[in-house]
Amino acid sequence: MKFSSSAGLDRIRQTSKRPVGAVPSGDSVDLSMGEPDFAAPTAVVEAMCSAVKEGYSHYGDLSGDPELRGEIARQATLRSSREVEPAQVSIGHGATGVLASLVLALVGPGDRVVIPEPTYSLYSDLVEMVGGQVVWTPLRSDLQLDVPAILSAARGAKLLILCNPGNPTGAVFPEEDLRAIGNGLQGSETVVVSDEAYSAFTYGADFTSAVSIPELSERVVVVDTLSKTFALTGYRLGWSIAPPEIAAAISQTGRTIAGAPNAAVQRAAIAVLRQGRDLYSNMQAEYSRRREFVITLLSEIQGVTFEAPQGAFYAFFKHGVSATSDEVRLHLVNSGVLLRSGSEYGATGEGYLRMSFAASLDEIAKGIDRIAVGLDQLRSDSSTYSN
Ligand SMILES: Cc1ncc(COP(=O)(O)O)c(C=O)c1O
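Using the working numbering, read the sequence shown as starting at 30 and increasing by one per residue.
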């Protein structure tokens, strides 16, 4: 039988830069993934086992476990300048599921969606899938938001999608910029999405959740997940907090795609969120140590330049070689280290590579050593620099 794909899938296939997954060869150092290298905290495993033993094996509430939504709302109220109601919380299959639900709920064919880049590549794939029009706005050279350019692009746009802290950039956006965006959008119908999957991991920079910005309150959807904060990528549990009408729309598309969220995982999530920082403070300390190490070692490589990451667990650096990011990435695979090419995250990412420091200090040291050797080979092959 001849299979003919949907127009949505065709568009993703034509435009997507998302890799289908590299297969690391035996001895290669894999610094390519956004996968925390910590085991699930024991208390989480116990909460999950208890939920299974207590019989959470049936369909749950289609809009998500009411107690979980209540806990998320309670914590958001503490962080924000206003009362957040459980009705504003939508639960989904990871941040990925929530983002898919919200794009499906809000974006139709031809709708404009502003995406500052370089950024997480899922956003544009989702917009392409539903036939929306991606409007890229480059970040400034310091990887911060170009607020005037964003506001100008956002005229008449349906959505603006921010990733804060940034994947791949590690940038944390200051409160003033979020407020300026809120002010600039007054009177418009543009919804602002703030994906805050990495907000637990910042290094000295003040992180302000968009949920606490009064100027954004009528239009902001904050997306979060257990994945990075608690090293629970396999639990597939994410959520959004939105104004009630938008939350109802996100929950409706969510349950249309996937039905009720996983009952047992949601029970474990309640325990996880109640314990909060106690479960990830060790990871914060470890990422912070690794970040210092990465900054020291990367700074020693000739031709490499970068902004010190303020958040997340990635170093996003200019390789300084006159070849495309993808050519450099491929060369480095042969040198025994796996990274991601900056161009995967948008046109402005050309010239950059992303390395994850969700790996041991030994792996990081070995990986950066190989990066240095590989870049050196490329430089002596071409004998040219492009800084
Ligand atoms: C910025 C960002 N948002 C969302 C996700 C996906 O999160 P989840 O595992 O909850 O689907 C990732 C994963 O890498 C990410 O980097």
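Glycine included, C-beta positions come from ideal geometry on N, C-alpha and C.
Whole-angstrom distance between E379 and E64, CA atom to CA atom: 23 Å
From the DSSP output, in three-state form, read off Q215 for me. coil
Comparing the CB of Y149 with every heavy atom of ligand 1, is any distance shorter than 7 Å? yes
Any heavy atom of ligand 1 closer than 7 Å to the beta-carbon of T125? yes
Three-pair Cβ contact test at 8 Å for the segment 195-215 versus the segment 322-339: yes
Per DSSP, the bridge partner or partners of I270: V118, V251
My understanding is that F345 touches I393, with C-beta atoms under 8 Å, so please give their C-beta distance in whole angstroms. Not quite, the Cβ-Cβ distance comes to about 15 Å (not below 8 Å), so this is no contact.
Return helix, strand or coil for R369, following the three-state DSSP convention. strand
Among T231, A186, Y264, whose alpha-carbon lies nearest the alpha-carbon of G213? A186
Indicate the three-state DSSP secondary structure (helix, strand or coil) for F322 in the structure shown. helix
In DSSP terms, what S385 is bridged to: Y343
Residues that I190 bridges to, as DSSP identifies them: V222
From T254 to R265, what does the alpha carbon distance come to, in whole angstroms? 8 Å
Please name the residue in L390, G305, E373, T377 whose C-alpha comes closest to that of Q104. G305
Those runs of the alpha helix (DSSP H) which lie wholly inside the segment 265-319 and span at least 4 residues: 273-287, 292-304
Measure the C-alpha to C-alpha separation of D154 and S364 and round it to an integer number of angstroms. 31 Å
Spatially closest choice to A183 from P145, P273, V127, by CA coordinates: P145
So, S223 versus N196, is the Cβ gap smaller than 8 Å? no
Report buried or exposed for H87, applying the criterion of at least 16 other Cβ atoms within 10 angstroms of its Cβ. exposed
Here's a check: name, in chain order, each residue in its chain whose Cβ is nearer than 8 Å to the Cβ of D39, leaving out the five neighbours to either side. none
Under 6 Å Cβ to Cβ from E100, same chain only, skipping five residues before and after it: list those, please. I299, L302
Report the three-state DSSP secondary structure of R40 (helix, strand or coil). helix
Report all residues from its chain with a CB closer than 7 Å to the CB of Q111; omit the five preceding and five following residues, and keep chain order. In the sequence on display, residue 111 carries Arg and not Gln. Counting only Cβ-Cβ distances below 7 Å, and skipping sequence neighbours, we find S246.
Shortest alpha-carbon distance to Y152 belongs to which of V81, L382, E373, I179? E373
May I ask you to check if the CB of D140 is nearer than 7 Å to at least one heavy atom of ligand 1? no
For P145, the residue or residues it bridges with in DSSP: T166
Helix or strand or just coil, what does DSSP make of G396? helix
Assumed close pair I242, V113 - CB separation to whole angstroms, cut-off 8 Å: Not confirmed; about 13 Å, so no contact.
How close, in whole Å, do the beta carbons of P290 and Q117 come, if the pair is a contact with beta carbons under 8 Å? Not confirmed; about 16 Å, so no contact.
Indicate whether V142 and V164 have their beta-carbon atoms separated by less than 8 Å. yes
Residues that D59 bridges to, as DSSP identifies them: L367
So, with DSSP's three-state summary, where would you put V357? helix
Who pairs with V333 in a beta bridge, going by DSSP? V333 is not bridged to any residue.
Identify whether V402 lies in helix, strand or coil by the three-state DSSP scheme. helix
Taking all protein chains shown into account, decide if D94 is buried (16 or more other Cβ within 10 angstroms of its Cβ) or exposed. buried
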